[in-house]
Amino acid sequence: MKASVAVSGELPPSLQAKLLQGGRPGLLLVLSIALLVALLLSVQFGAVPVKLQDWLTLLDFSDEQTLTGSSYVLWNIRLPRALFAVLIGAALGMSGALTQGLFRNPLADPNLLGVTAGAAAAAGLSIVVLSGMHLPIPMSWRMWILPVTAFSGALLVCFALDRVARWISPGSIVGLLLTGIALNALGAAVLGLCTYLATDEQLRNLSFWTLGSLAGASWLAAGLLLALLLPAWWWVRRMISAMNALALGEAAAAHVGIDVRRLRTQVIVLVAVLTGFAVAWCGMIGFISLVAPHLVRTMGGPDQRQVIPRSMLMGGLLLLVADTVARCIAIPAEVPVGIFTALLGSPFFLILLRNARGRLA
């Protein structure tokens, strides 16, 4: 049995029946329709009204300069931002589902692994230290400094997490969690030091970045994230059966031939890459990776074949709604989206906890 499970990715029928209990096949379609409607509404609302002819301008122009006014806002600002919000939310939803599946805990979050804190600490060092060095960096490259630095910090924490956890408590998922908490505290300390040393201008930039924003969205950023999500989804599909087995316990997963140690490493790398990219481009956006997978699991069951794609759709929907509200509530100003994800996510998550208190006891 072990060999067949490890190669084919099939679980015994009794385990499949247990995991599929309570599934709702139509939920994926409902989420897809809701996301499409939210996307259309998001590009309509804003400081500049969008009309039907603005959608048709792309069929007529021969030079990009002909896109002016509301047409330019639609195709070069609002639409790439909406798609970028969906993709960022999908990345956070996937990373949250993977983290909760790894720890078998609906309250788990990628922040517990220290990835977000590592990216934030690296971003703080970039804003405070690198900006004060006046390095001869070409202007066209400067927009990439902060995302690349934050992403490197997330990967560094990922590497340190795996190494330290193997050294302190090899093979223990609980030890992995405790190591992540320690790295989280270290990242917070570095970020606090950067805040203390920052000038007034640097402090404003750092504070705005930590609140989260999708203002840096572009077609290039959306394309890069899509290029990251596609292989990540392909990789996750290969691990879904193993994640389902892990939901029944480490001993049960090992009994059916799952290499828990290898699975743990793969999940950590995926979570670090997805979360690191999201944090690098958008700052610290909370609650999406926590609420989205917990919500779809409550509505549709624990089968990871359904939880992960639904979490991606739910994460994209939640972040898109939050960003639309952040753009429109104080026109012409823009409120950081991280504030609204917390305002929308925290009471909603408390309601979910209340409804699920019997299952969490």
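For the sequence shown, our numbering assigns the number 194 to the initial residue and increments by one for each residue that follows.
Positions of the beta carbon are idealized from the N, C-alpha and C atoms, including for glycine.
Cα-Cα separation, residue i to residue j
{"i": "A381", "j": "L536", "result": "22 Å"}
{"i": "W428", "j": "I478", "result": "24 Å"}
{"i": "L303", "j": "N377", "result": "The sequence shown places Pro at residue 303, not Leu. Rounded to the nearest angstrom, the two C-alpha atoms are 11 Å apart."}
{"i": "I544", "j": "P486", "result": "15 Å"}
{"i": "G538", "j": "L396", "result": "27 Å"}
{"i": "L441", "j": "A240", "result": "50 Å"}
{"i": "R454", "j": "A231", "result": "40 Å"}
{"i": "A301", "j": "T292", "result": "6 Å"}
{"i": "L399", "j": "I532", "result": "15 Å"}
{"i": "W248", "j": "F542", "result": "37 Å"}
{"i": "S235", "j": "T250", "result": "19 Å"}
{"i": "R359", "j": "L370", "result": "12 Å"}
{"i": "E257", "j": "E527", "result": "Unreliable positioning characterises E257 in this predicted model, as indicated by a pLDDT of 48, which lies under 50. A coordinate reading is not provided."}
{"i": "W402", "j": "D516", "result": "15 Å"}
{"i": "S288", "j": "L423", "result": "14 Å"}
{"i": "F296", "j": "G476", "result": "25 Å"}
{"i": "W426", "j": "I433", "result": "10 Å"}
{"i": "N298", "j": "A290", "result": "10 Å"}
{"i": "L511", "j": "M505", "result": "10 Å"}
{"i": "T388", "j": "P525", "result": "29 Å"}
{"i": "W474", "j": "R431", "result": "28 Å"}
{"i": "G215", "j": "E394", "result": "At G215, the pLDDT of 48 sits below 50, so the modelled position is not reliable and the matter cannot be decided from this model."}
{"i": "L379", "j": "L221", "result": "39 Å"}
{"i": "R547", "j": "I226", "result": "28 Å"}
{"i": "G416", "j": "T392", "result": "34 Å"}
{"i": "Q246", "j": "L233", "result": "15 Å"}
8 Å CB neighbourhood of residue i in its chain, flanking five on each side removed
{"i": "K244", "result": "S263"}
{"i": "S319", "result": "I338, L339, T342 and A343"}
{"i": "I523", "result": "Looking at the sequence shown, residue 523 is not Ile but Ala. Excluding residues within five positions, none has a Cβ falling inside 8 Å."}
{"i": "L323", "result": "I338 and T342"}
C-beta contact flag for residue i and residue j at 8 Å
{"i": "L513", "j": "V279", "result": "yes"}
{"i": "G509", "j": "G286", "result": "yes"}
{"i": "L349", "j": "G311", "result": "yes"}
{"i": "L224", "j": "R503", "result": "yes"}
{"i": "L228", "j": "V321", "result": "no"}
{"i": "T372", "j": "V383", "result": "no"}
Cutoff 7 Å; reference residue i; Cβ partners in own chain excluding five residues on either side
{"i": "F470", "result": "A284, F344, L418 and L421"}
{"i": "R274", "result": "L407 and A410"}
{"i": "C351", "result": "V308, I461, V462 and A465"}
{"i": "C521", "result": "F238 and G239"}
{"i": "D355", "result": "T458 and I461"}
{"i": "P242", "result": "S263"}
Other residues of its chain near residue i: CB distance less than 6 Å, five sequence neighbours each side excluded
{"i": "L362", "result": "The residue asked about is misnamed: residue 362 is Ser in this sequence, not Leu. Taken in chain order, the residues that qualify are G368."}
{"i": "W173", "result": "Beyond the ends of the chain as shown, which are 194 and 554, falls residue 173; an answer cannot be given."}
{"i": "V518", "result": "F533"}
{"i": "R490", "result": "V500"}
{"i": "P540", "result": "none"}
Whole-number beta carbon distance between residue j and residue i, since they are thought to touch under 8 Å
{"i": "G405", "j": "V530", "result": "5 Å"}
{"i": "I374", "j": "L305", "result": "7 Å"}
{"i": "F277", "j": "A435", "result": "Not really, about 31 Å apart at Cβ, beyond 8 Å."}
{"i": "I481", "j": "G219", "result": "Going by Cβ atoms, the distance from I481 to G219 rounds to 23 Å, so no, they are not a contact pair."}
{"i": "A347", "j": "V472", "result": "7 Å"}
For the region 494–504 against the region 265–280, do three or more pairs of beta-carbon atoms, one drawn from each stretch, fall closer than 8 Å, so that the two count as touching?
Judged by Cβ distances under 8 Å, the region 494–504 makes no contact with the region 265–280, as fewer than three pairs qualify.
Cβ contact check for the region 298–315 and the region 343–361: 3 or more pairs under 8 Å
The region 298–315 is in contact with the region 343–361.
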